[in-house]
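Quick notes on the structure that follows.
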Amino acid sequence: MSRSSFEALLGFHGAPTFAGEKPAVLLSFKKSQFEDFDAMLASFTPCFRCKGISVLRLVEGEEYVLVLFYRARRIARFVKRADARALLRSCGYDDDAPLAELLAELQRRMEIKKTFPHEIGIFLGYPPEDVRGFIEHRGKDFALSGYWKVYGNPDAARALFARYTACSEEFCKKLDDGARFEDLVIAS
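Take the sequence shown: its letter number 107 is residue 132 in this note's numbering, and every next letter is one higher.
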């Protein structure tokens with residue numbers, strides 16, 4: 026996969042995060058699609074770092090890798106919210122842990138269980154009421170499904186989903202029109 030194809034993939038799936046609309050995105054990559062996935066990802070590190078985006082390989086196997094791209098300051102503020110902390114505490118996370126420790130615990134859980142712990146939604150910036158609803162209803166009986174399953178406020182979520190979709194369309198159009206990926210990524 027070429028650099029431009031990788032940028033298109035990042036833009037299509039992660040534009041709301043890279044454009045500053047959403048605090049995080051989790052992307053799956055099939056490493057064999059790249060001549061050298063590690064080098065390709067590393068080539069974006071300076072851009073991400075200077076724009077306030079952190080990169081964490083949450084789980085890595087021989088063929089696939091799950092990479093979390095996140096805006097640490099925004100997620101750190103988000104997980105300090107009382108409703109987010111309460112949900113994480115109910116899932117067994119340390120109430121007072123800093124973001125790095127919370128992410129390390131999430132990573133550990135994903136490696137051990139080989140599944141997505143439902144609380145991952147908190148680290149992706151989903152409303153805690155929706156994450157809690159997903160857990161309590163086992164992914165059923167939701168009011169709206171889009172970027173995530175909504176249990177709390179479907180009108181607010183619908184508007185946010187529309188913003189994310191418009192952001193993705195605009196980001197990808199600009200890439201197609203020749204804009205540099207680095208210029209489209211917003212600093213936080």
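Note that CB positions come from ideal geometry on N, CA and C, so glycine has one too.
Task: Contacts around Leu113, its chain only, beta-carbon distance under 8 Å, and the 5 residues preceding and following it disregarded - done: Here residue 113 refers to the residue found at position 88 of the sequence shown. The answer, listed in chain order, is Val104, Asp120, Leu127, Glu144, Ile147.
Task: CB-CB length for Phe43 against Val210, believed under 8 Å - done: Looking up residue 43 in the sequence shown gives position 18. Looking up residue 210 in the sequence shown gives position 185. Rounded, the Cβ-Cβ distance is 5 Å, consistent with contact.
Task: Residue ranges of each alpha helix (DSSP H) within the segment 36 to 122, 4 or longer - done: Counting only runs of 4+ residues, the alpha helix (DSSP H) found wholly inside the segment 36 to 122 occupies 62 to 75, 97 to 104, 107 to 115, in chain order.
Task: Same chain only: Cβ atoms within 8 Å of Ser68, ignoring 5 sequence neighbours per side - done: For the purposes of this step, residue 68 is identified with residue 43 of the sequence shown, where counting begins at 1. In the same chain as Ser68, and ignoring 5 residues on each side of it, the C-beta atoms closer than 8 Å to its own belong to Arg28, in chain order.
Open item on the list: By alpha-carbon positions, which one of Tyr176, Leu149, Asp201, Ile160 ends up nearest to Glu46?
Closed with: The residue you call residue 46 lines up with position 21 of the sequence shown. Nearest of Tyr176, Leu149, Asp201, Ile160 to Glu46, Cα basis: Leu149.
Task: First and last residue of the uninterrupted alpha helix (DSSP H) at Pro179 - done: Here residue 179 refers to the residue found at position 154 of the sequence shown. Pro179 -> alpha helix (DSSP H) spans 179 to 201.
Open item on the list: Can you tell me whether Val175 is helix, strand or coil according to DSSP?
Closed with: Indexing the sequence shown from 1 puts residue 175 at position 150. Residue state for Val175 is assigned as strand, using DSSP reduced to three classes.
Task: Residues bridged to Ser170 (per DSSP) - done: By one-based count along the sequence shown, residue 170 stands at place 145. Paired residues: Lys174.
TODO: Inspect the CB distances between the segment 188 to 200 and the segment 52 to 60 and report whether three or more fall short of 8 Å.
DONE: No: the two stretches stay apart, fewer than three of their Cβ pairs being nearer than 8 Å.
Open item on the list: Let's test the definition: count the other Cβ atoms within 10 Å of the Cβ of Pro153 and tell me whether it reaches 16, buried, or not, exposed.
Closed with: Position 128 of the sequence shown, counted from the first residue, corresponds to residue 153. Buried: at least 16 other Cβ atoms inside 10 Å.
- [ ] List the whole-angstrom C-beta distance separating Phe37 from Ser170, where the pair is believed to meet the contact cut-off of C-beta under 8 Å.
- [x] Taking the first residue of the sequence shown as position 1, residue 37 is located at position 12. Taking the first residue of the sequence shown as position 1, residue 170 is located at position 145. At roughly 19 Å, the Cβ-Cβ gap does not stay under 8 Å, so Phe37 and Ser170 are not in contact.
Open item on the list: Let me confirm a value: Lys174 is counted as buried when at least 16 other C-beta atoms fall within 10 Å, else exposed. Which label applies?
Closed with: Against the sequence shown, residue 174 aligns to sequence position 149. By the 10 Å Cβ count, Lys174 comes out buried.
TODO: Please report the Cβ distance between Leu52 and Val92, rounded to the nearest whole angstrom; I am assuming they are in contact, meaning their Cβ atoms lie under 8 Å.
DONE: Taking the first residue of the sequence shown as 1, we reach residue 52 at position 27. Taking the first residue of the sequence shown as 1, we reach residue 92 at position 67. The C-beta distance from Leu52 to Val92 rounds to 5 Å, short enough to fall under 8 Å.
Task: Distance between beta carbons of Arg134 and Ser213, contact taken as under 8 Å - done: Mapped onto the sequence shown, residue 213 falls at position 188. Mapped onto the sequence shown, residue 134 falls at position 109. Contact check for Ser213 and Arg134: beta-carbon distance about 27 Å, past the 8 Å limit, so the pair fails to qualify.
Task: Met26, DSSP secondary structure in three states - done: The count along the sequence shown starts at 1 and reaches residue 26 at position 1. Of the three classes helix, strand and coil, the one that applies to Met26 here is coil, per DSSP.
Task: Spatial distance of Arg188 from Leu131 (CA atoms) - done: As a working mapping, residue 188 is identified with position 163 in the sequence shown. As a working mapping, residue 131 is identified with position 106 in the sequence shown. The straight-line gap from Cα to Cα measures roughly 28 Å.
TODO: Over the uninterrupted alpha helix (DSSP H) stretch that includes Arg276, give me the two end residues.
DONE: Lying outside 26 to 213, the shown extent of the chain, residue 276 is not represented and no answer is given.
- [ ] Give a yes or no on whether the C-beta atoms belonging to Phe94 and Met65 are separated by under 9 Å.
- [x] On the sequence shown, position 69 is the one that residue 94 refers to. On the sequence shown, position 40 is the one that residue 65 refers to. No, the Cβ-Cβ distance between Phe94 and Met65 is not below 9 Å.
Task: Closest by C-alpha distance to Ala40, when choosing among Gly203, Tyr89, Thr190 - done: As a first step, residue 40 must be located in the sequence shown, where it is residue number 15. Of the candidates Gly203, Tyr89, Thr190, the one whose C-alpha sits nearest the C-alpha of Ala40 is Thr190.
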